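Data first, discussion second: the structure below is written as structure tokens.
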Amino acid sequence: MDGRVVLRMAPFPSGSLHIGSGRMLFVNQHYRERYHGRLLLVFDDTVGSEEKRVETEFFDLILGDCELAGVRPDEVLYKSDRIGRHYPWARRVIERGAAYVCRCPAELLRENRAQGRACPERSQTPPEARDEWDRMLGGSYAPGEAVLRLKTDLADPDPAFRDRVLFRISDLDHPRVGHRYRVWPLLEFSWAVDDIELGITHILRGKDLVVEDRMERYVWDLLEVPGPPFLHWGLLRVREAKVSKSKSYREVKTGVYDGWADPRTWSLRSLDRRGITMEALREFTLSFGMSLTDIEVPAETLYAENRQRIDARTLRRAFVPEAVRLVIDGYPFDLAQVELANHPDRPELGRRTVRAGPELYLARPDLQAHAGEEVRLKDLVNIRLPTDAPVAGGTARAEFTSRPNQRLPRLTWVAVPGAVPVDILEVDGSHRIGFGEAALADAEPRATYQFERVGFVRLDDAPAGTRPVRVVFGHP
RNA sequence: GCUCCCGUAGUCUAGUCCGGUCAAGGAUUCGGGGCCUUCGACCCCGUAACGCGGGUUCGAAUCCCGCCGGGAGCACCA
Numbered sequence: 000m001d002g003r004v005v006l007r008m009a010p011f012p013s014g015s016l017h018i019g020s021g022r023m024l025f026v027n028q029h030y031r032e033r034y035h036g037r038l039l040l041v042f043d044d045t046v047g048s049e050e051k052r053v054e055t056e057f058f059d060l061i062l063g064d065c066e067l068a069g070v071r072p073d074e075v076l077y078k079s080d081r082i083g084r085h086y087p088w089a090r091r092v093i094e095r096g097a098a099y100v101c102r103c104p105a106e107l108l109r110e111n112r113a114q115g116r117a118c119p120e121r122s123q124t125p126p127e128a129r130d131e132w133d134r135m136l137g138g139s140y141a142p143g144e145a146v147l148r149l150k151t152d153l154a155d156p157d158p159a160f161r162d163r164v165l166f167r168i169s170d171l172d173h174p175r176v177g178h179r180y181r182v183w184p185l186l187e188f189s190w191a192v193d194d195i196e197l198g199i200t201h202i203l204r205g206k207d208l209v210v211e212d213r214m215e216r217y218v219w220d221l222l223e224v225p226g227p228p229f230l231h232w233g234l235l236r237v238r239e240a241k242v243s244k245s246k247s248y249r250e251v252k253t254g255v256y257d258g259w260a261d262p263r264t265w266s267l268r269s270l271d272r273r274g275i276t277m278e279a280l281r282e283f284t285l286s287f288g289m290s291l292t293d294i295e296v297p298a299e300t301l302y303a304e305n306r307q308r309i310d311a312r313t314l315r316r317a318f319v320p321e322a323v324r325l326v327i328d329g330y331p332f333d334l335a336q337v338e339l340a341n342h343p344d345r346p347e348l349g350r351r352t353v354r355a356g357p358e359l360y361l362a363r364p365d366l367q368a369h370a371g372e373e374v375r376l377k378d379l380v381n382i383r384l385p386t387d388a389p390v391a392g393g394t395a396r397a398e399f400t401s402r403p404n405q406r407l408p409r410l411t412w413v414a415v416p417g418a419v420p421v422d423i424l425e426v427d428g429s430h431r432i433g434f435g436e437a438a439l440a441d442a443e444p445r446a447t448y449q450f451e452r453v454g455f456v457r458l459d460d461a462p463a464g465t466r467p468v469r470v471v472f473g474h475p
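Residue numbers for the first sequence, in numbering that gives the first Met the number 0: 0 to 475.
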């Protein structure tokens with residue numbers, strides 16, 4: 000087994016991979032590594048349909064998703080390059096008397112199938128079928144006028160399995176191969192062929208494709224070729240991620256979403272943008288094993304996995320949302336600045352000097368929650384808050400009370416001089432604006448921080464110096 | 001409706017093939033406590049599960065039957 004395993008992943012290029020479809024990447028990668036095998040990426044880009052079009056931009060997008068996830072396929076192939084190889088297989092099936100060219104309109108075909116009724120063409124002899132097949136290939140039929148169908152059992156309990164269509168005619172312009180082919184195989188048959196021709200040893204895929212197993216197996220048995228075993232995983236949904244691929248597609252296309260990295264897509268790249276590491280995502284995904292159960296997991300589980308990985312190396316910074324300017328009467332003059340640790344438990348991550356002073360920004364929600372109370376400004380002094388909280392952007396006065404650390408509610412603050420405007424992009428696409436401490440002024444793009452009492456955020460990939468500083472919320 | 005698949009704590013998972021070592025392990029959540037100048041981290045403690053009903057057996061989460069519940073598919077899409 001070791002070293003001889005060949006796996007394949009077959010995405011349809013219609014969007015970026017999201018948290019659920021990413022499972023394909025991690026599972027295949029996992030088994031590839033475990034058995035030192037090969038992993039092929041085969042774009043399942045047969046011609047599709049009017050509703051399901053192949054779009055070239057998605058080839059690169061998906062390749063980028065793989066790269067991001069740290070999955071490097073040994074080979075990248077396109078089904079659309081391989082269509083010619085499927086025709087001889089069709090011929091073999093016809094020779095066995097197991098396929099015929101059906102000229103029923105789609106409507107009638109479906110009805111007959113539902114009734115378990117045979118179409119007149121079903122009785123074609125192999126030579127007749129071959130002639131008809133040649134006419135199909137030769138262009139005698141228009142799209143919809145003829146299909147090649149497999150003879151199974153019209154009494155099969157599963158109607159979907161009765162004489163499935165193997166090839167159909169389509170005039171759609173394919174973005175890679177144009178009009179090179181008119182006769183296109185359907186997914187099941189194309190895989191029955193390619194899984195053999197590519198020497199695939201194990202097929203690992205989502206259970207949405209289990210019916211297709213049966214078709215592939217049927218063709219292999221018919222042609223007396225041994226085929227690889229199938230393994231499936233159930234549906235994985237993240238509770239908070241109500242993603243629909245078509246919705247994401249629409250919103251990205253119309254610009255409602257900020258591209259495929261918009262947090263609302265829950266795409267791999269959006270998670271990366273939020274500072275969720277691919278290692279965490281990989282562990283998270285793999286933890287579900289190959290169970291056939293459909294599962295719904297709270298995002299918190301993923302967040303916990305990520306927190307475990309990044310907490311110890313992530314620098315702390317102060318951020319104040321819905322900032323209110325607070326002038327503190329009686330503030331001690333010698334406390335113009337304080338030196339703070341970058342991480343409470345990791346001295347090796349260094350320290351920074353932060354401006355303090357009598358003019359500070361505080362969060363309006365904090366002011367409201369503790370109106371009139373004495374509070375501790377974290378790492379600074381104790382003050383008494385005003386009884387009325389002004390609106391965000393307003394100013395209020397507070398009163399210095401004492402210096403020593405006391406067990407009081409601890410609030411986050413940012414000195415007004417040098418405060419950096421920050422815009423947090425939330426998971427639901429909304430924005431939270433506020434001020435961050437001055438140290439954020441020269442933060443590197445893509446750097447991850449923990450905003451104390453807010454959560455883990457990652458800087459967007461904007462040029463340094465962009466104001467407000469754009470960050471994306473990761474998780475608490 | 002038909003076909004296939006799946007049911008272990010709030011959530012996810014180990015165990016089910018090959019019955020005993022499972023009075024069910026782990027993770028996360030939640031509750032309580034400790035510690036640290038974050039509501040984060042860390043440490044300690046705790047709550048909590050074999051869908052239901054029969055059967056086989058000395059013994060069932062594990063095998064059999066029935067029921068109930070959930071999911072997916074039923075395209076000339078992938």
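Ideal placement from N, C-alpha and C gives every residue a C-beta, glycine not left out.
Please read these numbers as outputs of a predicted model, since none were measured by experiment.
Distance CB(residue i)-CB(residue j) smaller than 9 Å
i	j	result
residue 9	residue 42	yes
residue 368	residue 387	no
residue 414	residue 448	no
residue 237	residue 301	yes
residue 231	residue 205	yes
residue 185	residue 209	no
residue 305	residue 455	yes
residue 247	residue 260	no
residue 377	residue 317	yes
residue 323	residue 175	no
residue 6	residue 199	yes
Whole-angstrom distance between residue j and residue i, CA atom to CA atom
i	j	result
residue 355	residue 331	10 Å
residue 272	residue 464	19 Å
residue 253	residue 392	34 Å
residue 161	residue 101	13 Å
residue 459	residue 0	44 Å
residue 443	residue 461	9 Å
residue 193	residue 94	20 Å
residue 149	residue 56	34 Å
residue 308	residue 277	11 Å
residue 64	residue 310	25 Å
residue 115	residue 153	5 Å
residue 275	residue 426	12 Å
residue 34	residue 453	43 Å
residue 470	residue 421	7 Å
residue 436	residue 382	20 Å
residue 47	residue 411	55 Å
residue 61	residue 21	10 Å
residue 366	residue 327	14 Å
residue 24	residue 201	15 Å
residue 97	residue 219	12 Å
Buried versus exposed call for residue i [16 or more other C-beta atoms within 10 Å across all chains shown]
i	result
residue 255	exposed
residue 430	exposed
residue 375	buried
residue 433	buried
residue 390	exposed
residue 49	exposed
residue 279	buried
residue 405	exposed
residue 313	buried
residue 397	buried
residue 281	buried
residue 187	buried
Three-state class that DSSP yields for residue i in the structure shown
i	result
residue 86	helix
residue 30	helix
residue 405	coil
residue 350	strand
residue 275	coil
residue 214	helix
residue 248	helix
residue 392	coil
residue 266	strand
residue 300	helix
residue 111	helix
residue 101	strand
Problem - Cβ pair count under 8 Å reaching 3, the region 294-304 against the region 330-347 - result: Verdict: no, contact absent.
Handout entry: Contact the region 261-268 vs the region 233-251: 3+ CB pairs below 8 Å
Key = Counting Cβ pairs under 8 Å, three or more are found: they touch.
Exercise for the section: Specify whether the region 207-225 and the region 156-168 touch according to this definition: at least 3 beta carbon pairs, one from each stretch, less than 8 Å apart. Expected result: With a cut-off of 8 Å, the region 156-168 and the region 207-225 count as touching, because enough Cβ pairs lie within range.
Problem - Any 3 or more C-beta pairs closer than 8 Å across the region 137-156 and the region 167-176 - result: With the cut-off at 8 Å, the region 137-156 and the region 167-176 touch.
Practice task
Please determine if the region 67-86 and the region 24-33 are in contact, where contact requires at least 3 C-beta pairs separated by less than 8 Å.
Solution key: In short, these stretches touch, since the Cβ pair count reaches three.
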